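Just below is one structure, and these are the notes that go with it.
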Amino acid sequence: MKSCVAAAVFLSLAGSSLAFLFGTGPAHASCKAQWTVGMACSQVETALLNQIQTWSGPENCKSGPINEKCLYVLKSNSEGVIKLTHETPLKHYIDDVSFTLKSQGDASCQLGGYSTAETWYAVLDQGTNYCNMFNLLEGASLTTAAGYTETASDASCTQRSSADCNRY
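Numbered according to mature numbering (1 follows the signal peptide of the UniProt record, and there is no 0), the sequence shown spans residues -19 to -1, 1 to 149.
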């Protein structure tokens, strides 16, 4: 049993190191992305906080065969930085998520988002860390707001191109 665990850890670390060395994505399951929304940051902040609250309990986990639009927990909200966690409903992994809001004038807000797995050995995540953030933006109707743009890629987000945010 110990040799199986050691082999799994070695393969995870080797894969992580190769991904990092060859630039195919983050070395740890995570996502760093940016969005712009054509709304004041105070409106964006309110929309995100309301969505976190709406999806804070387990109720929405049951709305499909696999649905992770649930189990968000607000940790802090101060000076344009929102910090929260997201728990996956099946395996109960915890991801740390943060949004930094920066005003781009009266009618535009730039969001810097970062999500990372708390599990130290997490390498691949099927786009879960990207979806942790995108789902909140979409649920808060920010993805359909005027001036919405997104900057995210496989280089900055683990498995971004294969993310299925309807599932994760």
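Glycine included, C-beta positions come from ideal geometry on N, C-alpha and C. A quick note: this is a predicted structure, and the numbers were derived from the prediction, not measured.
* To do: Identify every residue that forms a DSSP beta bridge with Gln140.
  => On the sequence shown, residue 140 is found 159 positions in, with the first residue counted as 1. The partner list for Gln140 (beta bridge, DSSP) is empty, contrary to what the question assumes.
* Looking at Tyr53 and Leu71, is the spacing between their C-beta atoms short of 7 Å? -> Along the sequence shown, one-based indexing puts residue 71 at 90. Along the sequence shown, one-based indexing puts residue 53 at 72. Cβ distance not < 7 Å, so Leu71 and Tyr53 don't count as in contact.
* Reducing DSSP to helix, strand and coil, say where Ala(-14) ends up. => Residue -14 sits at position 6 when you count from the first residue of the sequence shown. Because Ala(-14) carries a pLDDT of 45, less than 50, the predicted location of this residue cannot be relied on, and no value is offered for it.
* **Cross-strand partners of Val78 (DSSP beta bridge)** => Residue 78 sits at position 97 when you count from the first residue of the sequence shown. The partner list for Val78 (beta bridge, DSSP) reads Leu65 and Ser96.
* Is Tyr111 near Cys90, with beta carbons less than 7 Å apart? -> Stepping through the sequence shown from its first residue, residue 111 is reached at position 130. Stepping through the sequence shown from its first residue, residue 90 is reached at position 109. Taking the C-beta atoms as reference points, Cys90 is found no nearer than 7 Å to Tyr111.
* Asked: Quick one: any contact between the segment 98 to 107 and the segment 17 to 31, if contact means 3 or more CB pairs under 8 Å?
  -> These segments do not touch.
* Specify the secondary structure class of Ala127 as computed by DSSP and reduced to three states. => Reading the sequence shown from its first residue, position 146 is the one you call residue 127. In the displayed model, Ala127 falls within coil according to three-state DSSP, outside both helix and strand.
* **Chain-order list of residues whose beta-carbon lies under 7 Å from that of Tyr149 (same chain, five-residue window excluded)** => For the purposes of this step, residue 149 is taken as the residue at position 168 of the sequence shown. Taken in chain order, the residues that qualify are Glu49, Gln107, Gly108, Thr109 and Cys112.
* Asked: Name the DSSP bridge partner or partners of Asn58?
  -> Taking the sequence shown and counting its residues from 1, the one referred to as residue 58 is at position 77. Looking at the DSSP assignment, Asn58 forms a beta bridge with Ile63.
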